[in-house]
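Participant: Numbering (full-length UniProt numbering), first residue to last: 1 to 70.
Using N, Cα and C, we set each Cβ at its ideal position, and we do this for glycine too.
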């Protein structure tokens, strides 16, 4: 460790000011947390109303709102 490195710095972990951003360790931690969050979202079932909407779009069928405004 040199005088300009903060205590507890990891090898290859450059100070934020030198790079103008987050440390490598902080970026990796945020990346892992975002992946865990997105993975949990992907595991959620698609709501029925979204399935119905997608089916209508695939069929080209108008929605009940479209019929009333025509």
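If I measure Cβ to Cβ from residue 27 and keep anything under 7 Å in the same chain, skipping five residues before and after, which residues do I get?
Facilitator: Position 27 of the chain shown, counting from 1, holds the residue named residue 27. Taken in chain order, the list of residues that qualify is empty.
Participant: Which value, in whole angstroms, describes the spacing of the CA atoms of residue 57 and residue 44?
Facilitator: The sequence position of residue 57 within the chain shown is 57, counting from 1. The sequence position of residue 44 within the chain shown is 44, counting from 1. So the alpha carbons of these two residues sit roughly 22 Å apart.
Participant: Going by DSSP in three states, residue 40 sits in which element: helix, strand or coil?
Facilitator: For the purposes of this step, residue 40 is taken as the residue at position 40 of the chain shown. Three-state DSSP puts residue 40 in a helix.
Participant: Quick one: Cα of residue 97 to Cα of residue 30, how far?
Facilitator: As shown, the chain starts at 1 and ends at 70. That puts residue 97 outside it, with no answer to give.
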